[in-house]
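In what follows, a single structure is set out as structure tokens and then discussed.
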Amino acid sequence: MPRLILGIESSCDETAAAVVDERGRVLADVVASQIAVHAPFGGVVPELAARAHLENVVPVIERALSKIDGGLDAIDAIAVTRGPGLNGALLVGLQAAKAMAWAKGLPLVGVDHLEAHLHAIFLRRDEADEARAVPPFPYVALLASGGHTAIYEVRSPLDKALLGQTRDDAAGEAFDKSGKLLGLGYPGGPRIDALAAKGDASKVPLPRPLMNNKSLEFSFSGLKTAVARYVETEGRPTTEAAMADLCAALQSAIVDSLATKSVLACKQREVPRLVLGGGVAANRGLRARCAQLCAKSGVQLYVPPIASCTDNGAMIAWAGFAQLDAGRIADATLSPYSRSPDVVRGKVRKQRPAPAPR
Ligand code: KG4
Ligand code: ZN
745 MPRLILGIES SCDETAAAVV DERGRVLADV VASQIAVHAP FGGVVPELAA
795 RAHLENVVPV IERALSKIDG GLDAIDAIAV TRGPGLNGAL LVGLQAAKAM
845 AWAKGLPLVG VDHLEAHLHA IFLRRDEADE ARAVPPFPYV ALLASGGHTA
895 IYEVRSPLDK ALLGQTRDDA AGEAFDKSGK LLGLGYPGGP RIDALAAKGD
945 ASKVPLPRPL MNNKSLEFSF SGLKTAVARY VETEGRPTTE AAMADLCAAL
995 QSAIVDSLAT KSVLACKQRE VPRLVLGGGV AANRGLRARC AQLCAKSGVQ
1045 LYVPPIASCT DNGAMIAWAG FAQLDAGRIA DATLSPYSRS PDVVRGKVRK
1095 QRPAPAPR
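Numbering (our numbering), first residue to last: 745 to 1102.
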């Protein structure tokens, strides 16, 4: 019998639990979204997120376990997101995971949320996933979500190097904040994606920051300001066609930057494999632009299904196997962290060389 891990995720606005086997097969995957809770505020409210996780965490875990034979008795280990994320939100998942692990005598492992996104490509949800090729190591990965936008070289299940990241807003933040300015509701990303498909990007000129240099850094805050200026001077578009054009221009600016720099990273590192991850990887424009640039540059593109891009418990369970096999079993002191140790806003933290042997 392959080993099974229960993965629990509560870093932001999704309470999620899933059961995954050691081959990456997803046996159960339950996600309770809090979009309705945060939509009236146009963004995630940390205090409300923590409270909603508290209400949802037990039912979500129970539902996931009810989908596998043997329920909790069939589980070999528990993996839980440690961070980065909202502290109050993370604590809910951590405490639930600890309680279950100690009560059942199961090993517990803490998982980095960003690392989980970077390896979600290996999840096998259905026959289409089984047929999909997975990349060999190393590969370049673009992680674009609501809280993070960064490019990594992923060398093995436990070894990655940060190549570049955003200096200010994350790509998802640029979608969501612009969506709010345009009165499109929360989250703006999926709505802008749908409208952009019907629009003409060339109708509205928007800036493409940091596009003319060879750095792998992004900057999206100027784009949000440009949308704000546009709304100030022109007003919000009043017809669906005008709104679609503005959304197409906005999406094209974000996507161009993400795709161009990701392919540039593949060239710089001489790694002809690009993997997409994070909620923004659900964007159709990004998928299309990456496919176009990758084909031109001889880079193989690997795109997970949408359920594996947005926050989910399955990616946490899968990343948990690497922690478990490395013997990184947590004790009662396992605690959350709000920021990733290697991602700092404003500049890329240099990867330190390995210390010289003494
Ligand atoms: O990875 P994720 O589910 O949560 C975080 O870890 O942040 O990403 C959520 C982000 C949101 O900003 C949302 O607007 C964006 O992903 N998103 C999209 C699309 N679907 C989700 N952005 C653009 N196009 C989409 N289709
Ligand atoms: Zn995420």
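We put the CB at the ideal spot given by N, CA and C, even for glycine.
Around A1009, the same chain offers V884, I895, L907, L960 as residues with beta carbons nearer than 6 Å, after the five sequence neighbours per side are excluded. The residue from A905, L1037, S1084, A872 with its alpha-carbon nearest to that of P1048 is A872. Under the criterion of beta carbons closer than 8 Å, Y974 and G786 do not qualify as touching, at roughly 18 Å. Rounded to the nearest whole angstrom, the C-alpha separation of A845 and I822 is 7 Å. With a contact defined as Cβ atoms closer than 8 Å, V853 and S754 miss out at about 16 Å.
In the displayed model, Q1067 falls within a helix according to three-state DSSP. Comparing C-alpha distances from F962 to each of G933, D989, S1006, L928 shows the shortest one belongs to S1006. Fully contained in the stretch 975 to 1014 are the following alpha helix (DSSP H) runs of length 4 or more, in chain order: 984 to 1013. Every beta strand (DSSP E) of 3 residues or more that sits fully in the stretch 894 to 969 is shown, in chain order, as 903 to 909.
Closer than 7 Å to some heavy atom of the ligand KG4: that does not describe the Cβ of F785. Cβ neighbours of A945 within its own chain (closer than 7 Å, five residues either side excluded): A992, A993, S996. In this structure, the beta-carbon distance from V999 to L1018 does not fall below 8 Å. Residue environment for G979: exposed (fewer than 16 other C-beta atoms within 10 angstroms of its C-beta). Beta-bridge partners assigned by DSSP to E753: A760.
Taking G1064 as the centre and dropping the five residues before and after it, the same chain places the C-beta of I749, G751, A821, A823, V853, V855 closer than 7 Å to its C-beta, in chain order.
Between F919 and G932, the beta carbon gap of about 5 Å places them in contact (Cβ cut-off 8 Å).
In the DSSP annotation of this structure, the continuous segment of the beta strand (DSSP E) that includes V774 starts and ends at 770 to 777.
Per the coordinates, the alpha-carbon of P949 lies some 38 Å from the alpha-carbon of V878.
Bounds of the alpha helix (DSSP H) holding D873 are 871 to 875. Per DSSP, reduced to three states, the secondary structure at A1051 is helical.
DSSP, reduced to helix, strand and coil, places G837 within a helical segment of the structure shown.
Straight-line measurement puts the Cα of G1071 at about 35 Å from the Cα of V788. A Cβ-Cβ separation of about 15 Å leaves I812 out of contact with L850 under the 8 Å criterion.
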